[in-house]
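A.B. asks:
Residue numbers (my numbering): 653 to 1069.
#1: The alpha helix (DSSP H) with residue 905 in it runs from where to where?
#2: Look at the alpha carbon of residue 733 and the alpha carbon of residue 718, and state the distance between them as a whole number of angstroms.
#3: Kindly indicate which residue of 1001, 822 and 905 has the alpha-carbon position closest to the one of residue 989.
#4: Below 8 Å on the Cβ atoms is my guess for residue 960 versus residue 807; work out the distance and round it to an integer in Å.
#5: Between which residues of its own chain and residue 599 is the CB-CB distance below 6 Å, once the five residues before and five after are set aside?
#6: Kindly indicate which three-state DSSP category residue 901 falls into: helix, strand or coil?
#7: Please give me, in chain order, every unbroken run of the alpha helix (DSSP H) with length at least 4 that falls completely inside the region 801–876.
#8: Is it the case that the Cβ atoms of residue 713 and residue 742 are separated by a distance below 8 Å?
#9: Could you check which residue in 948, 666, 842 and 912 has the C-alpha nearest to that of residue 707?
#10: Assign residue 795 to one of three DSSP states: helix, strand, or coil.
#11: Could you tell me which residues DSSP pairs with residue 781 in its beta bridges?
#12: If you drop the 5 nearest sequence neighbours on each side, which residues of the same chain put their C-beta closer than 6 Å to that of residue 710?
#13: Near residue 997, which residues of its chain fall below 8 Å by C-beta distance, leaving aside the five closest residues on each side in sequence?
#14: Which whole-angstrom value is the C-beta distance of residue 720 and residue 745, which I expect to be below 8 Å?
#15: Within 10 angstroms of the Cβ of residue 698, are there 16 or more other Cβ atoms? Answer buried if so, exposed if not.
#16: Measuring alpha carbon to alpha carbon, tell me which of 1018, 974, 908 and 832 ends up nearest residue 844.
#17: Spell out a yes or no on whether the region 926–934 and the region 900–915 are touching, meaning 3 or more CB-CB pairs, one atom from each, closer than 8 Å.
#18: In the DSSP output, what is residue 746 paired with across the bridge?
#19: Taking all protein chains shown into account, do 16 or more other C-beta atoms lie within 10 angstroms of the C-beta of residue 817, making it buried, or fewer, making it exposed?
#20: If you drop the 5 nearest sequence neighbours on each side, which residues of the same chain put their C-beta closer than 6 Å to that of residue 927?
#21: Would you check if the region 955–970 and the region 830–839 touch, i.e. whether three or more CB-CB distances between them fall below 8 Å?
#22: In the DSSP assignment, find the unbroken alpha helix (DSSP H) run with residue 684 in it and report its ends.
#23: Which value, in whole angstroms, describes the spacing of the CA atoms of residue 809 and residue 995?
#24: Compute the Euclidean distance between the alpha carbons of residue 890 and residue 823, then round it to the nearest angstrom.
#25: Helix, strand or coil for residue 896? Go by DSSP, reduced to three states.
#26: Could you give the residue range of the alpha helix (DSSP H) that holds residue 942?
#27: Kindly give me the distance between the Cβ atoms of residue 936 and residue 871, rounded to whole angstroms, as I take these residues to be in contact under 8 Å.
#28: What would DSSP say about residue 995, mapped onto helix, strand or coil?
#29: Considering just the uninterrupted stretch of the alpha helix (DSSP H) at residue 716, what are its terminal residues?
#30: Taking the C-alpha atoms as reference points, what is the distance between residue 1009 and residue 669?
#31: Out of 759, 683, 724 and 925, point me to the one whose CA is closest to residue 857's CA.
#32: Where does residue 667 land, buried or exposed, given buried means 16+ other C-beta within 10 angstroms?
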């Protein structure tokens, strides 16, 4: 495990880290007599091409298709209002010169993919690819299988949810298996017009600064609420990576009409005093779209693209190391080994393994079967005397005298000591 930690610190070893983890996984599986565990992959393979592939993930009725069209500023995904199958195959928005590279990347998915390609010619983002994926919580099981197969080959992920589905267990559980660096994960809370379903009791400031402040406070509260819900689900997100959108009403003028309809006051006769704040909120949400577009579709140089991928690879190594440690209880067994090698615990470990009286019984048996010094001395003299025939005869004749003298001297020495 220390070797893996060193790999994380030295980028030169990143290329071989996956191989090393696979080897450790296989060796531990063989040691414990079980099948190797499944490790996350894809991050190392993405480094083979210059692309930065960003995927939009979300459940049904969250407005993914509308969002991808808004980001691309052209209709590349048809929004069927989530009726029926919805988006049934990945839709890829890619520079016309990068289509082969995109097909090669996504073609590594087991079983292959039926891709819908939409091209552009904006050279500034020629290495950026946007992928609209099927709904992962759809009733169509094939959709979930496609999403799970594609996710490892993405470099960035945009999670799309709504106020009603932000805590949905389906996406929360799915998100646990998405292995990406935190800096490469974005969260979009779409349909923020629903947050205004109940008219707010605003103070209706008359000055422009007060209106802007009221609108900013509203957006800050909603962002903080989204962060709390995500944190409770196990996903910590920084404010800069949480986006509040209403993409179906992305322009502030459309947002005003939408809120008027929600409040059953399309002409703003009853709630005209709230209109300035709602208009300011619409502008802030419109700016959020621009910020997201810049973050995920903004130009990236070769070094920046490499950094995006390296961060994912480091996270993949970290997560796989964690999976190995947990699956094989590595920390537990390392603790056992440390106990076994520690002097103060050695006797306890022996007692645990063989019983408390085992060592004592063995020592007693050895003591009882040990040969005396006299017997050992006789054996030595027999061997030496055997080399000299005359000496052997003289030794045997005087053997009893030598023994008597030896015992007397040994007793005297023992008494003195």
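Built from N, CA and C at the ideal position, the CB exists for glycine as well.
C.D. replies: Let me lay it out:
#1: As a working mapping, residue 905 is identified with position 253 in the chain shown. Where residue 905 is concerned, the enclosing alpha helix (DSSP H) stretches over 904–914.
#2: By 1-based counting over the chain shown, the position of residue 733 is 81. By 1-based counting over the chain shown, the position of residue 718 is 66. Confidence at residue 733 is low in this model, with a pLDDT of 46, below 50, so its placement is unreliable and the value that follows should be read with caution. Whole-angstrom Cα-Cα distance: 9 Å.
#3: Locating residue 989 in the chain shown gives position 337, where the first residue counts as 1. The shortest Cα separation from residue 989 among 1001, 822 and 905 belongs to 1001.
#4: Walking along the chain shown from the start, residue 960 turns up at place 308. Walking along the chain shown from the start, residue 807 turns up at place 155. Indeed they touch by this definition, with Cβ atoms about 5 Å apart.
#5: The displayed coordinates of the chain run from 653 to 1069. Any statement about residue 599 would go beyond what the structure contains.
#6: Counted from its first residue, the chain shown places residue 901 at position 249. Residue 901 falls in the helix class under three-state DSSP.
#7: 821–827
#8: Within the chain shown, numbered from 1, the residue matching residue 713 stands at position 61. Within the chain shown, numbered from 1, the residue matching residue 742 stands at position 90. Taking 8 Å as the Cβ cut-off, residue 713 and residue 742 do not qualify as a contacting pair.
#9: Position 55 of the chain shown holds residue 707. Taking only the C-alpha atoms, the option nearest residue 707 is 948.
#10: Residue mapping note: residue 795 aligns to position 143 of the chain shown, counting from 1. If DSSP states are grouped into helix, strand and coil, residue 795 belongs with the helices.
#11: Locating residue 781 in the chain shown gives position 129, where the first residue counts as 1. According to DSSP, which records beta bridges pairwise, residue 781 is partnered with 705.
#12: Taking the chain shown and counting its residues from 1, the one referred to as residue 710 is at position 58. If we look at residue 710 and ignore the five residues flanking it on each side, its Cβ neighbours are 716 and 812.
#13: The residue given as residue 997 occupies position 345 in the chain shown. Answer for residue 997: 991, listed in chain order.
#14: Looking up residue 720 in the chain shown gives position 68. Looking up residue 745 in the chain shown gives position 93. That belief holds up - the Cβ atoms of residue 720 and residue 745 are roughly 7 Å apart, short of 8 Å.
#15: For the purposes of this step, residue 698 is identified with residue 46 of the chain shown, where counting begins at 1. Classification for residue 698: buried.
#16: Position 192 of the chain shown, counted from the first residue, corresponds to residue 844. Out of 1018, 974, 908 and 832, 908 has the C-alpha closest to the C-alpha of residue 844.
#17: yes
#18: To locate residue 746, count along the chain shown from 1; it is residue 94. Per DSSP, 771.
#19: As a first step, residue 817 must be located in the chain shown, where it is residue number 165. That one is buried.
#20: The residue labelled residue 927 in the question sits at position 275 within the chain shown. Within the same chain, residue 927 has close Cβ partners 920.
#21: yes
#22: Counted from its first residue, the chain shown places residue 684 at position 32. From DSSP, the alpha helix (DSSP H) with residue 684 extends over 666–684.
#23: Indexing the chain shown from 1 puts residue 809 at position 157. Indexing the chain shown from 1 puts residue 995 at position 343. Taking the straight line from one Cα to the other gives about 52 Å.
#24: Residue numbering aside, residue 890 sits at position 238 when the chain shown is read from its first letter. Residue numbering aside, residue 823 sits at position 171 when the chain shown is read from its first letter. Using only the alpha carbons, I get a separation of about 19 Å.
#25: Sequence index remark: in the chain shown, residue 896 carries index 244 (1-based). Three-state DSSP puts residue 896 in a strand.
#26: Taking the chain shown and counting its residues from 1, the one referred to as residue 942 is at position 290. Where residue 942 is concerned, the enclosing alpha helix (DSSP H) stretches over 927–949.
#27: Here the question's residue 936 lines up with position 284 in the chain shown. Here the question's residue 871 lines up with position 219 in the chain shown. Between residue 871 and residue 936 the Cβ distance is about 5 Å, and since that is below 8 Å, they are a contact.
#28: Here the question's residue 995 lines up with position 343 in the chain shown. Three-state DSSP puts residue 995 in a helix.
#29: Position 64 of the chain shown, counted from the start, is the residue given in the question as residue 716. Note, residue 716: alpha helix (DSSP H), 716–724.
#30: Residue numbering aside, residue 1009 sits at position 357 when the chain shown is read from its first letter. Residue numbering aside, residue 669 sits at position 17 when the chain shown is read from its first letter. In a straight line, the C-alpha of residue 1009 is about 48 Å away from that of residue 669.
#31: Within the chain shown, numbered from 1, the residue matching residue 857 stands at position 205. Of the listed residues, the one whose Cα sits closest to residue 857 is 925.
#32: For the purposes of this step, residue 667 is taken as residue 15 along the chain shown, with counting starting at 1. By the 10 Å Cβ count, residue 667 comes out exposed.
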